[in-house]
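Chains as they are written, first to last, in full-length UniProt numbering: chain R, 1 to 843; chain V, 1 to 450.
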Amino acid sequence: MAPPAQSQRSPSPSQPSGKGEVSDLKMQLRQLAGSRAPGTDDSKRELFKKAISYMTIGIDVSSLFSEMVMCSATSDIVLKKMCYLYVGNYAKYNPDLALLTINFLQKDCKDEDPMIRGLALRSLCSLRVANLVEYLVGPLGLGLKDGNSYVRTVATMGVLKLYHISAATCIDADFPATLKHLMLNDPDAQVVANCLSALQEIWSLEASTSEEASREREALLSKPIIYCLLNRIKEFSEWAQCIVLELVAKYVPSDGNEIFDMMNLLEDRLQHANGAVVLATIKLFLQLTLSMTDVHQQVYERIKAPLLTLVSSGSSEQSYAVLSHLHLLVMRAPILFSSDYKHFYCQYNEPFYVKKLKLEMLTAVANESNTYEIVTELCEYAANVDIPIARESIRAVGKIALQQYDVNAIVDRLLQFLEMEKDYVTAETLVLVKDLLRKYPQWSHDCIAVVGNISSKNVQEPKAKAALIWMLGEYAQDMQDAPYILESLIDNWDDEHSAEVRLHLLTAVMKCFLRRPPETQKALGAALAAGLADFHQDVHDRALFYYRLLQHNVSVAERVVNPPKQAVSVFADTQSSEIKDRIFDEFNSLSVVYQTPSYMFIDKEHRGPFAFSEELENLSIGVESANVASAQRVEANDKDLLLSTSEKEETRGPSSNGSAYSAPSYDSSSASLIASQAPSELIPSNQSLQAHAPQASLAIDDLLGLGLPVAPNPAPSPPPLTLNAKAVLEPNAFQQKWRQLPISVSQEYSINPQGVAALTTPQALLQHMQGHFIHCIASGGQAPNFKFFFFAQKAEESSTFLVECIINSSSCKVQIKIKADDQSTSQAFSDLFQSALSKFGMP
Amino acid sequence: MISQFFVLSQRGDNIVFRDYRGDVQKGSAEIFFRKVKFWKEDGEEEAPPVFNVDGVNYFHVKVVGLLFVATTRTNVSPSLVLELLQRIARVIKDYLGVLNEDSLRKNFVLMYELLDEVIDFGYVQTTSTEVLKSYVFNEPILVDAARLPTLGPAAIFMQGTKRMPGTAVTKSVIANEPGGRKREEIFVDIIEKISITFSSSGYILTSEIDGTIQMKSYLSGNPEIRLAFNEDLSIGRGRGSIYDYSSSGSGAVILDDCNFHESVRLDSFDTDRTLSLVPPDGEFPVMNYRMTQEFKPPFRINTLIEEAGPLKAEVILKIHAEFSSSITANTIVVQMPLPTYTTRVSFELEPGAVGQMTDFKESNKRLEWGLKKIVGGSEHTLRAKLTFSQESHGNITKEAGPVSMTFTIPMYNASKLQVKYLQIAKKSKTYNPYRWVRYVTQANSYVARI
């Protein structure tokens, strides 16, 4: 122990201003630098400690650099470590001074103590100074061959650091090859794991410029490497296991046996106390079994218990991370969890973010058999003192009601909420009752009776007020006081701050007027006058619109404002299923916690080693989107997928025509008739058309595969086309080309049923096409729709063909789109492609 | 991989700050702290453990009031990072014996040394105290555990949250005893957290026990250890063993599920319910388990609310300890939210009550009743007279409650899981290290609706 006297003072450095203390320190260090007196090391330790403590609290102590380096000529390892830490922190900003340290670090790299060799090597690589890389290569090379595993683990990470300082130096020294060798052969598991991490990073960064690197990156997923790692899985530390499992999850096994072998091997990982290991294993199991429905379901059953145990065993932060994943699974397959609903009950001391997830799960798993219990439980929370949770619970009850289980009883409960006379409960309930009435107009009688008793003075929240006003307008017939309540609300027009409420007020008073003109006339006049004078543009416009409409013709106004409505059958889901599938593909990552696909929150340069290819192959990892049209919509939605914006424009052109044809009978008034069904706002008619048009048309367009300008000039007599058997194309390059090139051939034809029969998995076709020198870069889908991206290169030049191919196995139809560097040969290639495809499945 | 790791004090001061990759700006700690302190998003008042600000992902866990934070720009596994943060805290505790702001500040150089070995360039290298021992050279400067109120006034809070209570062992795994040689001993703690919800009529609506067997070994030379459990223990409901037939119903202990530490070997678990392991240095959970099998709750809570005039009501709380009289529960706190229009509460304890305190928390309208001790088999009653500022709407029960309770019961476990024996592979005849097997049960969420 070395508890020097000063330690009494050091623990709470009272945030010194810096300057004076630093120059003091400098003086003292200088005095000690040359001293060989006994006890010098202890005093040095104290001074170093001080310097580092200043560094921690953000005081710039870089001016001590030379003194620190001078003092570090010592055999005391603790001192050395402190010095390394200091140097590592400041070298980047003082490259000239950093040069001073090279000498002693290099010397230490040859020390006989492996600890010192490792430490020195680590510090050397952490300097992050570009013009010093020449000094790194030698020690790193030695470090990778060191007999001590500690030094090798440090060296493997050192290679990665070097790569980030100077990629060229790292590649030129052929370090990646050395790492690959170590990864397959080193006896120490941590060295292997570090090699894997480093190689994943290096090759995926290199892949954008080098085809070799992208091949190497793919090779990490090859059978020998995967097996080599899996066979040693238990030697790895729990953290390294996570890295390996994450890699294996991307491997595509060749057959079912392989899948079962892997699952049997890793089964016991599900009992690991470390949640990260368990989740990585679960991801692997889920990915492996995507195409095996029965087994996939068994996997769900198997992972339930371990997940629940993890949720309740760790700290609340850890359990949140696990619970987010459980939430994802529950949302995907609520039926499989419907008997486990009690696990999703909230505990009073859980943080809000946990409770919220649980409420969502409770909503999802509700079905005929458990709705009564779940709603009873939710009603307890609604009465709770925890207001945010009470609100969420009421919303949850409403959502369950909209799912159509036991509506009768739920409506009763909601109405009881209104009797609780708590403002926030009333507010949330009103919003829900409104939604319920839109779906189940048959309940209006019961609801309106209760809602009519609510004093509008007790409702302050804009959303709730808007809901109440909507009901007043919609059910003006059944509510005795409706005109008078509206009138009093209009009297307070100026005090109403929410534009949403004022908009609703206008619409409601219009509806009321059309039903009960004599009683409402005065209120309507006042509302229109107030609306016209309103400073809010939308309110003003709507008032003016109503005014003109009434002026024009009252019966038209009736048709616009108060048309007969159909009950809403399904409320739009906030998140598309494509987005959800993407999040599922990114299981065991932040995407699940944020409930957002990674491309929306991670910068491009930080998307993990395989993220990019995942993006390209968003289908190939086994998205369950059964229909291709929807899969294509994802692409249209995503900002940087295969279709470029210009191309989207192109597809949209003909399509908006199409939708104009599909809805020819709507004149503008009837269009707004549809729009007015949305109770929240009167959407201008053209806007609603716009909202629907591109989506629908895109789907239609893509399904037909027509309507796109086909490149005109198929050469009359194309020269015979031969393809390069060893064509390579980096996914990045593929994406870029796909974006740049126009479509030169777009065709649809049938393939023979034998071919379709052979298409049990996409892999079969891939191999077949490869035999014809047409290579697949991405594939996916499930019966009956499969989608592939192929590419091929001409044998004699580097001209490339890109193909998007969609096969419907039930109709035996194929759609292809071809893009080519050299458009004159694209027709020839198309013929070649078709003939290759037609041979698929033939004996 | 992670970019930075830092520890912040409650006030937001950097205690330790380590940048591993240099791709996140230096001011991240400040950005983080401000975000957490003033968190207000979609109605939440508490920042979730993971969030994203301008492309940087921030992870944090709270340990004894300190914030352990990691940042990254990549899409990493959140479980991995949160687990790692918790693990770093544990390693530090192993080294320092006591984990708190003071001990961290005194040992920040050691912290840096540890952090350099735990993570390299953002990749986890090891979190095993055992392995780290050979790379780390700074000696821990120990703070006096007795002098420090580790659990202090925050103790009540700490029990409420899910964080396992620090076992009473506040001795560094690394540092030597003042006497020179280390005492050979091993601690095995069976810690159970109970969650129960009683309906208003006293039925158990849901119940769960979450248990951990925590081990901390100070044995030299890493001998192998065998832990034997009750023979009637079985794991996995529905896949119970055939022997269940004879003992079904009454005595058998059936765990829903459990998981184990890496070092645990289960070779003979199926035949004789024993685990064998070579415990690494430091504190670690041997096994986590979860049980939803019915069990006898340690306390029964009875609540009665009676109106007593237009602006008055009386609450009667009764707690009955259902465990044996040889056992004593301590630090019991009973809480109950009262109607928001409650203005005054006067309490009436039973005659001769000792070590009890009552309070009406004006700010959140909450009744609190604290008891230092409850002996098994006894019953305690509290009467509270409420005064309201307005007339109640007829149903006070809808405006108040539920009653919740926190407690600690040493030497008691509700699951009946037992460590029958703890065997240490003998090095010599005279080798007889101290073995401590301790049970403790705590309330996690113990709620009675009214």
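Where is the CB? At the ideal position from N, CA and C, for every residue including glycine.
When DSSP builds the beta bridges, which residues end up paired with W369/V? The residue given as residue 369/V occupies position 369 in the second sequence. DSSP lists V334/V and T358/V as partners of W369/V.
Counting Cβ pairs, one atom from each stretch, are 3 or more of them under 8 Å apart for the segment 253–266 of chain V and the segment 315–330 of chain V? Here the segment 253–266 of chain V does not lie against the segment 315–330 of chain V, with fewer than 3 beta-carbon pairs under 8 Å apart.
Hey, could you find the ends of the beta strand (DSSP E) A51/R is sitting in? Here residue 51/R refers to the residue found at position 51 of the first sequence. Counted as a single uninterrupted DSSP element, the stretch harbouring A51/R is not any beta strand (DSSP E) but the alpha helix (DSSP H) occupying residues T40 to T56.
Across the segment 465–474 of chain R and the segment 491–509 of chain R, are there enough close Cβ pairs to call them in contact, namely three or more that are closer than 8 Å? Contact between the segment 465–474 of chain R and the segment 491–509 of chain R is present: 3 or more CB-CB pairs across the two stretches fall below 8 Å.
Measure how close the beta-carbons of I77/R and I116/R come, nearest whole angstrom, since I'm counting them as under 8 Å. Working through the first sequence from its first residue, we reach residue 77/R at position 77. Working through the first sequence from its first residue, we reach residue 116/R at position 116. With a Cβ gap of about 7 Å, I77/R and I116/R count as contacting.
Would you mind working out which of E192/V, T127/V, L338/V and S404/V sits nearest I332/V, comparing C-alpha positions? Looking up residue 332/V in the second sequence gives position 332. Among E192/V, T127/V, L338/V and S404/V, the Cα nearest to that of I332/V belongs to S404/V.
Does K216/V come within less than 8 Å of chain R when only Cβ atoms are used? The residue given as residue 216/V occupies position 216 in the second sequence. Output row for K216/V: interface = no.
State the Cα-Cα distance for the pair T426/R and A390/R, rounded to the nearest angstrom. Sequence index remark: in the first sequence, residue 426/R carries index 426 (1-based). Sequence index remark: in the first sequence, residue 390/R carries index 390 (1-based). Near 11 Å, if we compare the C-alpha coordinates of A390/R and T426/R.
Comparing C-alpha positions only, which one of D210/V, I194/V and D281/V sits nearest to E184/V? The count along the second sequence starts at 1 and reaches residue 184/V at position 184. Looking at the Cα atoms, D281/V is the closest of the given residues.
Mind checking Y123/V: buried by the 16 CB within 10 Å criterion, or exposed? If you number the second sequence from 1, residue 123/V lands on position 123. If you draw a 10 Å sphere on the C-beta of Y123/V, you find 16 or more other C-beta atoms in it, and that means buried.
Can you tell which of A173/R, D96/R, E21/R and D581/R has the C-alpha that lies nearest to the C-alpha of M55/R? To locate residue 55/R, count along the first sequence from 1; it is residue 55. For the residues A173/R, D96/R, E21/R and D581/R, the minimum Cα distance to M55/R belongs to E21/R.
Which term fits L682/R, buried or exposed, when burial requires 16 or more other beta carbons within 10 angstroms of its beta carbon? Against the first sequence, residue 682/R aligns to sequence position 682. Its pLDDT being 37, under 50, L682/R is placed unreliably in this model, and the coordinates cannot settle the point.
Compare the C-beta of M183/R against all C-beta atoms of chain V and say whether one is closer than 8 Å. Looking up residue 183/R in the first sequence gives position 183. M183/R does not count as touching chain V.
So S576/R is in the beta strand (DSSP E); what residue range does that whole segment cover? Along the first sequence, one-based indexing puts residue 576/R at 576. Element bounds for S576/R: n/a, residue is neither H nor E.
Between the alpha carbons of L689/R and K511/R, how many angstroms are there, rounded? As a position in the first sequence, residue 689/R is number 689, starting the count at 1. As a position in the first sequence, residue 511/R is number 511, starting the count at 1. Only weak support exists for where L689/R lies, its pLDDT of 38 falling under 50; the value from the coordinates is given anyway. L689/R and K511/R have their C-alpha atoms spaced approximately 24 Å apart.
Simplified DSSP assignment, three categories, for I327/V: In the second sequence, the residue the question calls residue 327/V occupies position 327. Coil.
As assigned by DSSP and simplified to three states, the class of A764/R: Residue numbering aside, residue 764/R sits at position 764 when the first sequence is read from its first letter. DSSP places A764/R in helix when its eight states are reduced to three.
Assign Q403/R to one of three DSSP states: helix, strand, or coil. Here residue 403/R corresponds to residue number 403 of the first sequence, with the count starting at 1. The answer is coil: DSSP assigns Q403/R none of H, G, I, E or B.
Is F352/R close to chain V, meaning its C-beta is less than 8 Å from at least one C-beta of that chain? The residue you call residue 352/R lines up with position 352 of the first sequence. Under the Cβ distance rule, F352/R counts among the residues neighbouring chain V, one pair being separated by less than 8 Å.
Buried or exposed: which applies to W203/R, given that a residue is buried once 16 or more other Cβ atoms fall within 10 Å of its Cβ? Against the first sequence, residue 203/R aligns to sequence position 203. The residue in question, W203/R, is buried, as its Cβ has 16 or more Cβ neighbours within 10 Å.
Quick one: Cα of L472/R to Cα of L436/R, how far? In the first sequence, the residue the question calls residue 472/R occupies position 472. In the first sequence, the residue the question calls residue 436/R occupies position 436. Just so you know, the alpha carbons of L472/R and L436/R end up roughly 15 Å apart.
Give a yes or no on whether the C-beta atoms belonging to K434/R and L402/R are separated by under 8 Å. Along the first sequence, one-based indexing puts residue 434/R at 434. Along the first sequence, one-based indexing puts residue 402/R at 402. With respect to L402/R, K434/R sits apart: the two C-beta atoms are not nearer than 8 Å.
Within 10 angstroms of its Cβ, does L265/R collect 16 or more other Cβ (buried), or is it exposed? Position 265 of the first sequence, counted from the start, is the residue given in the question as residue 265/R. The Cβ neighbour count for L265/R, taken over all protein chains shown within 10 Å, is under 16; the residue is labelled exposed.
T343/V, buried or exposed, once every other Cβ within 10 Å from all chains shown has been counted against 16: For the purposes of this step, residue 343/V is taken as the residue at position 343 of the second sequence. Flag for T343/V reads exposed.
With distances taken from CA atoms, which of A757/R, P753/R, A792/R and I751/R is nearest M769/R? Position 769 of the first sequence, counted from the start, is the residue given in the question as residue 769/R. Nearest option by C-alpha distance: A792/R.
Inter-residue Cα distance where the pair is Q767/R and E578/R: Numbered from its first residue, the first sequence carries residue 767/R at position 767. Numbered from its first residue, the first sequence carries residue 578/R at position 578. For Q767/R and E578/R, the gap between their C-alpha atoms comes out near 28 Å.
Go ahead and pull the three-state DSSP assignment for D232/V. In the second sequence, residue 232/V corresponds to position 232, counting from 1. Coil.
Within 8 Å, strictly: CB atoms of V803/R and F840/R: By 1-based counting over the first sequence, the position of residue 803/R is 803. By 1-based counting over the first sequence, the position of residue 840/R is 840. Cβ atoms of V803/R and F840/R: not closer than 8 Å.
When the distance is taken between beta carbons, is A280/R closer than 8 Å to L82/V? Residue mapping note: residue 82/V aligns to position 82 of the second sequence, counting from 1. Residue mapping note: residue 280/R aligns to position 280 of the first sequence, counting from 1. Their beta carbons are not under 8 Å apart, which means L82/V does not touch A280/R by this criterion.
Should V570/R be labelled buried (16 or more other beta-carbon atoms within 10 Å of its own) or exposed? Your numbering for residue 570/R matches position 570 in the first sequence. With fewer than 16 other Cβ atoms within 10 Å, it is exposed.
Short of 7 Å in beta carbon distance, which residues of its chain neighbour L323/R, apart from the five on each side in sequence? Order them along the chain. In the first sequence, residue 323/R corresponds to position 323, counting from 1. Only V311, V354 and L357 meet the Cβ criterion.
Pick out whichever of A189/R, S35/R, L121/R and N148/R has its Cα sitting closest to the Cα of L162/R. Counted from its first residue, the first sequence places residue 162/R at position 162. With distances taken between Cα atoms, L162/R lies closest to L121/R.
Pairwise C-alpha distance: Y341/R and D491/R: On the first sequence, residue 491/R is found 491 positions in, with the first residue counted as 1. On the first sequence, residue 341/R is found 341 positions in, with the first residue counted as 1. Near 49 Å, if we compare the C-alpha coordinates of Y341/R and D491/R.
Cross-strand partners of P410/V (DSSP beta bridge): Position 410 of the second sequence, counted from the first residue, corresponds to residue 410/V. V440/V.
As assigned by DSSP and simplified to three states, the class of M420/R: For the purposes of this step, residue 420/R is taken as residue 420 along the first sequence, with counting starting at 1. If DSSP states are grouped into helix, strand and coil, M420/R belongs with coil.
Length of the line joining the Cα atoms of E350/V and N395/V: Counting from 1 along the second sequence, the entry for residue 350/V is found at position 350. Counting from 1 along the second sequence, the entry for residue 395/V is found at position 395. Just so you know, the alpha carbons of E350/V and N395/V end up roughly 27 Å apart.
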